[in-house]
Amino acid sequence: MSKFITKFHNDLIKGRGEYHDIVTGQELNFKKLYEFAFTFLLETENQKVLDVDLAISYWQLLLPLVINQHFETTQDESENGANKATDVLRSEVNDRVNNWYDFLTTSSSSTTTTTTTTTSRKVISFDTWSMFLPFFQEVILTDPHSLKGYDEMAAWPSKVDEYVEYLYDNNLLKESQ
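The sequence shown begins at 1 in UniProt numbering and counts up by one.
This is the structure in structure tokens:
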């Protein structure tokens with residue numbers, strides 16, 4: 001069974017193999033699996049957001065798959081001498097992911113107040129969940145050091161814009177010249 005699961009994950013991420021939803025017959029891919037995870041984690045029918053800690057737990061499961069796939073593909077395309085540079089890049093990507101988690105757990109902008117109590121809790125909307133994957137793939141994976149691919153005028157969720165601002169405010173990212 002573990003061999004099947006490993007093969008399924010590898011094929012799904014690499015876009016190989018044909019896996020279909022048994023109910024709808026639609027072909028499955030990693031993006032669909034990623035978006036399904038959000039809906040799967042909702043505890044009630046009317047729930048629209050995930051608790052930050054739960055979202056982070058699942059990002060910790062899913063993002064390493066994307067990171068590993070990215071660096072396997074990159075390494076396949078480069079020569080063996082690039083291993084050290086790849087390790088540095090991978091480390092920078094992991095740092096950015098950890099910055100994301102820190103931002104989500106410390107920022108006050110990601111809270112919602114419940115009507116029955118005065119406590120506020122940090123939450124992740126579906127928009128933030130679903131758009132973080134392309135942000136991660138297009139911006140963080142391609143240039144974790146300076147996030148050159150980030151455009152503040154693009155249609156990223158406000159939480160992503162606040163994350164980049166958090167990086168600048170905490171001197172984790174320098175203004176490009």
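No residue lacks a Cβ here, since even glycine has one placed at the ideal position from N, Cα and C.
Can you pull the DSSP bridge partners for residue i?
i, result
"T88", "Checking the sequence shown, residue 88 turns out to be Val, not Thr. Paired residue(s): none; V88 is not in a bridge."
"D53", "Its beta-bridge partners do not exist; DSSP assigns none."
Of all the options the options, which has the alpha carbon lying nearest to the alpha carbon of residue i?
i, options, result
"F30", "F126, N98, A154, S130", "S130"
"K122", "N46, I56, Y34", "I56"
"L65", "Y163, L133, E175, E165", "L133"
"L103", "N170, L89, K32", "For the record, residue 103 in the displayed sequence is Phe; it is not Leu. That would be N170, whose Cα lies nearest to the Cα of F103."
"E43", "T142, H70, L54", "L54"
"Y34", "T24, G149, T128", "T128"
"I140", "S91, L61, S107, M153", "S91"
"L172", "H145, D151, A154", "H145"
"Q69", "V52, Q137, F38", "Q137"
"F71", "T142, T106, N46", "T142"
"F126", "F38, Q60, E45", "F38"
"K174", "E162, L147, D151, M153", "L147"
"S107", "V164, T24, G149", "V164"
"K48", "T73, F36, I124", "I124"
"V52", "G25, L41, D151", "L41"
"W59", "T73, F36, G149, A154", "F36"
"Y101", "E162, L89, E45", "E162"
Could you round the C-beta distance between residue i and residue j to whole angstroms and report it? I think they count as a contact, below 8 Å.
i, j, result
"V97", "L63", "6 Å"
"L167", "N94", "The Cβ separation is near 15 Å, so there is no contact."
Query raised in the report: Which whole runs of the beta strand (DSSP E) in the stretch 120 to 154 are 3 residues long or more, in chain order?
Result: If one requires a minimum length of 3 residues, the beta strand (DSSP E) runs lying completely within the stretch 120 to 154 are 120 to 125, in chain order.
Query raised in the report: Are at least three pairs of beta-carbons, each pair with one atom in the stretch 82 to 90 and one in the stretch 156 to 172, less than 8 Å apart?
Result: Segments in contact, no.
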